[in-house]
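Following: one structure in structure tokens, then a few remarks.
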Amino acid sequence: MIFTHLLVLTLAPVLIAQDLTSDHNTTSLTGTWSSGSKAVLTGSGFANPVKQTFNYPPTTGISFSFTDDFFYEIARYRFNSNGSEPTCITGVMNWVHGTYILQPNGSITMTPTGSDGYQQIQDPCGAISNFIEPYNDTELYQQWRIYTDPQQGFKLHLFQFDGSPLAPQFLVSPTPNMLPTGLIRNTTSNKGKAVLKRELTARSSAAGQHLTVGVMGLVLLSLTSVLVL
């Protein structure tokens, strides 16, 4: 009897560990994933880090790519609402890449490569309405799960550091579509800032046109809702 109890206690952690990892075993994390209409995809079709420019997808969304040797790339295109000022909707284009670690507790940590990451922000209510800035934040995802959707196939769920879920992403390609995984922009922070200042005005008027259309459309929609109310 004592031996039986010891055997159960010994096997319990193993069974629990198997239950935790079973959520990740539907398919490999490796590949390119995208949310919604899958218009946002990592790779050269979305961003040019050397020039710090973007190609604007027709719709918003997110895309994550992972390699089996622990490199990642993220492409994001989104609008952020402002509850106190409905007409002040911020548009954000974001790109970053680096290396990731699958932690023993089931989380993922993502560490950017050098100073390659950047984002474009358009805020119609800000002092500067359209600008590009570095983005090289280390990101923590508490949990990740892969399930099989009966219509769209493999579906990736990522939960941010505070437990809030990202939009589900679907596997677009088992082969990751990514820019080079090494350092792309070999510049110091100060030099990068100088280049940013010199290029800001020209790039804001040209590269921001697509984002302006999206923001203004949402602003008009918000105004219409206010007038109806």
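With mature numbering (1 follows the signal peptide of the UniProt record, and there is no 0) applied, the sequence shown covers -17 to -1, 1 to 212. Note that beta-carbon positions come from the ideal geometry of N, C-alpha and C, so glycine has one too.
Contact under 7 Å by Cβ, residue i with residue j
i: Trp16; j: Leu139; result: yes
i: Gln152; j: Ser48; result: no
i: Trp127; j: Leu141; result: yes
i: Thr13; j: Ile129; result: no
i: Gln102; j: Tyr118; result: yes
i: Thr96; j: Gly74; result: no
i: Gln105; j: Asn113; result: yes
For residue j and residue i, the rounded distance between their alpha carbons
i: Thr131; j: Val23; result: 21 Å
i: Pro157; j: Thr94; result: 22 Å
i: Ala58; j: Gly89; result: 23 Å
i: Thr164; j: Thr70; result: 39 Å
i: Gly146; j: Leu123; result: 10 Å
i: Val79; j: Asp120; result: 9 Å
i: Ala38; j: Gln86; result: Looking at the sequence itself, residue 38 is Asn, so the reference to Ala does not match. Computed Cα separation, rounded: 33 Å.
i: Met76; j: Ser20; result: 17 Å
i: Asp51; j: Ile115; result: 31 Å
Contacts around residue i, its chain only, beta-carbon distance under 6 Å, and the 5 residues preceding and following it disregarded
i: Ala110; result: none
i: Thr43; result: Tyr60 and Arg61
i: Phe53; result: Thr82 and Tyr83
i: Ser46; result: Ser17, Val23, Leu24, Thr25 and Ala58
i: Thr92; result: Ile84 and Leu123
Proximal residues to residue i (C-beta, below 7 Å), its chain only, five neighbours per side dropped
i: Ile167; result: Pro32, Val33 and Asp99
i: Glu68; result: Cys108
i: Gly136; result: Phe153 and Leu154
i: Ser27; result: Leu162
Buried or exposed (CB count within 10 angstroms, at least 16 for buried), residue i
i: Glu56; result: buried
i: Pro133; result: exposed
i: Pro159; result: buried
i: Asn169; result: exposed
i: Pro41; result: exposed
i: Phe144; result: exposed
Sequence ranges, beta strand (DSSP E) only - wholly within the region 107 to 131, length at least 3: Scanning the region 107 to 131 from its first residue to its last, the whole beta strand (DSSP E) runs of 3-plus residues come out as 113 to 117.
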